[in-house]
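With my numbering applied, the sequence shown covers 136 to 269.
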Amino acid sequence: MPLFKDSQIQPEDDDAGGSTLIDRDVTLVGEIVSEDNIRLRGRIEGNVVTSGSVVIEPHASVRGDITADNLIVEGTVEGKVVVARKFELRPTGRMRGDIRASIVAIAEEGFLQGKVLATEKISTNTRARRLDRG
């Protein structure tokens, strides 16, 4: 099963709740709205909205906007990012798009093409986002 829930998979610095894994052989087209952590090994073509954390592993990619509590980029992101707490671009990470986060950490070898806005408070409440749509 390439797309499944697994409480064993945890983004760093976040031990609450479960996680959703999108594995290497999966390309997901469309929007993901979740309250759990997300670990991406495959590809997403669409927006990701979660009140949890997102880890984009090396060789994984997102083409779309991401809203999350924390975000670790080791793969590739093309889109705008809004992070309530910490955005981290690791040495293998490639980011093309604007970043808005409370804390921003960019590794020396990480690639960033876009603007960075550090701000104090950002909400990633997925319930409120669902109500706005419907």
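We put the beta carbon where it would ideally sit given N, CA and C, even for glycine.
Whole-Å CB distance - residue i paired with residue j, under 8 Å assumed
i: residue 224; j: residue 197; result: With a Cβ gap of about 13 Å, residue 224 and residue 197 do not count as contacting.
i: residue 177; j: residue 157; result: 5 Å
i: residue 233; j: residue 219; result: No, residue 233 and residue 219 are not in contact; Cβ-Cβ is about 16 Å, not under 8 Å.
i: residue 231; j: residue 245; result: Not a contact, Cβ separation roughly 12 Å.
DSSP bridge partner residues for residue i (one or two, in chain order)
i: residue 223; result: 207, 240
i: residue 213; result: 198, 231
i: residue 174; result: 156, 190
i: residue 111; result: No answer is possible for residue 111: the residues shown for the chain start at 136 and end at 269.
i: residue 185; result: 169
Closer than 7 Å: residue i CB and nearest the ligand MN heavy atom
i: residue 194; result: This structure does not include the ligand MN; it has no bound ligands of any sort.
Counted within 10 angstroms of its Cβ, other Cβ atoms place residue i as buried (16 or more) or exposed
i: residue 165; result: exposed
i: residue 173; result: buried
i: residue 209; result: buried
i: residue 276; result: One cannot answer for residue 276 here, as it falls past the ends of the chain, which runs 136 to 269.
i: residue 162; result: exposed
i: residue 270; result: The question about residue 270 has no answer, for the chain in this structure spans 136 to 269.
i: residue 254; result: exposed
i: residue 195; result: buried
i: residue 238; result: exposed
Straight-line gap, residue i to residue j (C-alpha atoms, nearest Å)
i: residue 251; j: residue 171; result: 25 Å
i: residue 228; j: residue 153; result: 24 Å
i: residue 188; j: residue 206; result: 6 Å
i: residue 199; j: residue 222; result: 16 Å
i: residue 168; j: residue 183; result: 6 Å
i: residue 155; j: residue 213; result: 21 Å
i: residue 242; j: residue 226; result: 5 Å
i: residue 159; j: residue 180; result: 14 Å
i: residue 216; j: residue 192; result: 16 Å
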